[in-house]
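Enquirer: Chains as they are written, first to last, in the numbering used here: chain A, 1 to 299; chain B, 1001 to 1299. Glycine residues also receive a C-beta, built at the ideal position from the N, C-alpha and C atoms. First the structure, which I've put down as structure tokens, then a few questions once you've had a look.
Number of protein chains: 2
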Amino acid sequence: MSDFDLKTYLTDRQGRVEAALDALLAEPEPIFTTLRDSMRYSLLAGGKRVRPILCLAAAEACGGDEARAMPAACALELMHSYTLIHDDLPCMDDDDLRRGKPTNHTVYGEAQALLAGNGLFTLAFEIVAKQAIDGGISTEAAARVTHRMATAIGWRGVIGGQSIDIEATGQTIDRRRVETICTHKTAVLIAASVACGAIVAGAPDERVEALDRYGRSIGLAFQVADDVLNVEGDAAALGKGTGTDEAAGKTTFVDVLGLPGARDYAKYLLTDALAALADFDGKAEPLRALARYIVTRDR
Amino acid sequence: MSDFDLKTYLTDRQGRVEAALDALLAEPEPIFTTLRDSMRYSLLAGGKRVRPILCLAAAEACGGDEARAMPAACALELMHSYTLIHDDLPCMDDDDLRRGKPTNHTVYGEAQALLAGNGLFTLAFEIVAKQAIDGGISTEAAARVTHRMATAIGWRGVIGGQSIDIEATGQTIDRRRVETICTHKTAVLIAASVACGAIVAGAPDERVEALDRYGRSIGLAFQVADDVLNVEGDAAALGKGTGTDEAAGKTTFVDVLGLPGARDYAKYLLTDALAALADFDGKAEPLRALARYIVTRDR
């Protein structure tokens, strides 16, 4: 559907996601002022809101209601924000800047930043459970969403990926290891984002699993495209320095596949993602457009 | 019931909790070996297993089945273990020893220790959701347990308590502030432990709330008794140096109440905890004995 206007779609969803995230920590807090401020600082520091938008788009693709999927969508962004705060800590990547702003620990100190991450993470589980208790989704859907999120972000998912990524830093690793790290650090949470949207929408298992496959493919494609952009991209367009992975001692998809090989692999993953959506109708057009955008973007 | 043998009761429950915790991370792990080892290192490093035992005892007091409460009990210990790993990090309390063993980050490095804490924490939510999906508890009970745990450990609970505790370090704070910090850092998770045991046992709301009150009181009493022991205790019996709080610049209940005042407050809290159990029958005897033990223990 060449008429689909992805830019307007994204701007629109970003606005609603921002408003929902803001509302989570909107109340003044007399006791935990510093913690609340530091949580808000990172959560509301911008970003493309890819995971929540994918969650909402997946719910839509399954005929579900966007408002019902919003708490799960926010939970996924809370988890993403938590991983970024912890990733930036001195004991991890030791970054001073994130999206052009000082990182959380640079502003609030390491201890408060660690706690801000933990606070955002916990809030993710809290809001999904609360929605179920209030009758906004079934408790069965909440259990499935909670389980899917926990396994995705957990020790055999994102956290595991970060662990083996640290171990691999400065080492020569093969293509399979690069893919394992990327799958766990990035793709499983993208996959959980669309799967949770489908679960909240009451989709049957085969739809949930088709979206999981779509999510894994675009999650990998996202990183492959990033690695390609990092080599060929223009520093100004990317908004960060190029060649940063090399400096950090990280092996990229370009390292193990070469530049043409990495480009081809991104295209293959796009084809696979679109194939996973074969049985979906026009309501999945935003998901298709998002997949194409991820592979063809120039920043 | 003066016949109740608390020592045997505790030894028995500790054994079953240890076995259940061990089983959570028993499988060999070909990819995430370091992370799994570091998670096991801290989770299985001993400890009294107070929170899981309280959870099991609360389920029992409400006429519930111990086996059904075991995943929630383990989840509470996973959360406790996560807070200990993070508390020991250099950016927090910077401790090298925990229960006489090198702390997690001393053995595995700060980055892996951070991730081990996060992994244990996530596993807590995963196992409760899994039990519900498998039909071991109702999905409604899982949503309530998840919500209660998340709010207890979250930014207005344990994490918030840690945040204001850090801010208060080296400051002169009043009795109310000492109590606020202790309530959040310690008592809310103890309260959640017994409340979750009651929820899993299918107890009515008034029983859940009575146990919550019991838990808050013994949680505070535990810290008050600890502060008293820290002043009057014998270093050998405690297994750690005395006067450590003073050295760390932390204001204790003894500081704000005096030694006799703190002893009286512990007794008052015990009375309150036992009063909360007034409508419970003999099945709550372990909870009563645990409350008495917390206040009268000498180590």
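Touching or not, the stretch 1009-1021 of chain B and the stretch 1249-1265 of chain B, by the rule of three or more beta carbon pairs under 8 Å?
Expert: The stretch 1009-1021 of chain B, when compared against the stretch 1249-1265 of chain B, does not touch it at the 8 Å Cβ threshold.
Enquirer: Chain B partners of Lys130/A, CB-CB under 7 Å?
Expert: Near Lys130/A (Cβ distances below 7 Å), the residues of chain B are His1147.
Enquirer: Starting from Leu115/A, follow its DSSP beta bridges and name the residues at the other end.
Expert: DSSP lists no partner for Leu115/A.
Enquirer: Can you tell me which residues form a DSSP beta bridge with Pro1102/B?
Expert: Paired residues: Leu1097/B.
Enquirer: Using C-beta distances below 8 Å, list every residue in its chain close to Ala1266/B, excluding the 5 sequence neighbours before and after it, in chain order.
Expert: If we look at Ala1266/B and ignore the five residues flanking it on each side, its Cβ neighbours are Ala1221, Val1224, Ala1225, Val1228, Val1295.
Enquirer: So, are the CB atoms of Val256/A and Val178/A less than 8 Å apart?
Expert: Against a cut-off of 8 Å, the Cβ pair of Val178/A and Val256/A comes out as a contact.
Enquirer: In or out: Glu1060/B buried (at least 16 other Cβ within 10 Å) or exposed?
Expert: Flag for Glu1060/B reads buried.
Enquirer: Can we say the stretch 1138-1145 of chain B touches the stretch 129-148 of chain A, given the rule of at least three CB pairs closer than 8 Å?
Expert: At 8 Å Cβ cutoff, the stretches touch.
Enquirer: Determine the DSSP secondary structure at Asp1134/B, reduced to helix, strand or coil.
Expert: DSSP places Asp1134/B in coil when its eight states are reduced to three.
Enquirer: Which same chain residues, not among the five before or five after Leu78/A, have their C-beta less than 6 Å away from its C-beta?
Expert: These residues qualify, in order along the chain: Leu120, Leu123, Ala124.
Enquirer: Should Leu1211/B go down as buried or exposed, given a rule of 16 or more other Cβ atoms within 10 Å for buried?
Expert: Flag for Leu1211/B reads buried.
Enquirer: Is the shortest distance between the beta-carbon of Gly1241/B and the beta-carbons of chain A less than 8 Å?
Expert: For Gly1241/B, the pLDDT reaches just 47, beneath the cut-off of 50, and the residue's location in the model is therefore unreliable, although a value from the coordinates is still provided. No, Gly1241/B does not count as interfacial toward chain A.
Enquirer: In chain order, what residues of the stretch 157-191 of chain A put their CB closer than 7 Å to some CB of chain B?
Expert: For the stretch 157-191 of chain A, which is checked against every Cβ of chain B, the residues closer than 7 Å are Ile159, Gly160, Gln162, Ser163, Ile164, Ile166, Glu167, Thr180.
Enquirer: Mind checking which residues open and close the alpha helix (DSSP H) that includes Thr296/A?
Expert: It spans 285-296 - the alpha helix (DSSP H) in which Thr296/A sits, taken as one unbroken run.
Enquirer: Could you tell me the distance, in whole angstroms, from the CA atom of Ser163/A to the CA atom of Glu1110/B?
Expert: Rounded to whole angstroms, Ser163/A to Glu1110/B spans 11 Å at the Cα level.
Enquirer: Between the C-alpha atoms of Gly1282/B and Ile1190/B, what's the straight-line distance to the nearest angstrom?
Expert: Using only the alpha carbons, I get a separation of about 21 Å.
Enquirer: What's the C-alpha gap between Ala1198/B and Gly1064/B?
Expert: About 8 Å.
Enquirer: Taking the CB atoms as reference points, tell me whether Leu1035/B and Ala1116/B lie closer together than 8 Å.
Expert: In this structure, Ala1116/B lies closer than 8 Å to Leu1035/B by Cβ.
Enquirer: Tell me the rounded alpha-carbon separation between Ala1020/B and Ala75/A.
Expert: Computed Cα separation, rounded: 29 Å.
Enquirer: For Arg156/A, does the three-state DSSP call read helix, strand or coil?
Expert: Coil, per DSSP.
Enquirer: Would you mind reading off the limits of the alpha helix (DSSP H) that contains Cys55/A?
Expert: Start and end: 50-61.
Enquirer: Between which two residues does the alpha helix (DSSP H) containing Gly1215/B stretch?
Expert: Note, Gly1215/B: alpha helix (DSSP H), 1205-1232.
Enquirer: Does DSSP put Asp5/A in a helix, in a strand, or in coil?
Expert: DSSP places Asp5/A in coil when its eight states are reduced to three.
Enquirer: Once the 5 residues before and after Asp1095/B are set aside, which same chain residues still bring their CB inside 8 Å of it?
Expert: Here the set comprises Asp1087, Asp1088, Thr1103.
Enquirer: Comparing the C-beta of Tyr119/A with each C-beta of chain B, is any distance below 8 Å?
Expert: What sits at residue 119/A in the sequence shown is Gly, not Tyr. Taking Cβ atoms only, chain B reaches closer than 8 Å to Gly119/A, which makes this a yes.
Enquirer: Any C-beta of chain A sitting closer than 8 Å to the C-beta of Met1039/B?
Expert: Judged by the 8 Å Cβ criterion, Met1039/B is in contact with chain A.
Enquirer: Quick one: what does DSSP say Ala266/A is sitting in, helix, strand or coil?
Expert: It is helical.
Enquirer: Determine the direct distance from the alpha carbon of Tyr1293/B to that of Ala1235/B, and round the result to whole angstroms.
Expert: Residue placement at Ala1235/B cannot be trusted, given a pLDDT of 46 that sits under 50; what the coordinates show is reported in the next sentence. Going from the Cα of Ala1235/B to the Cα of Tyr1293/B covers about 20 Å.
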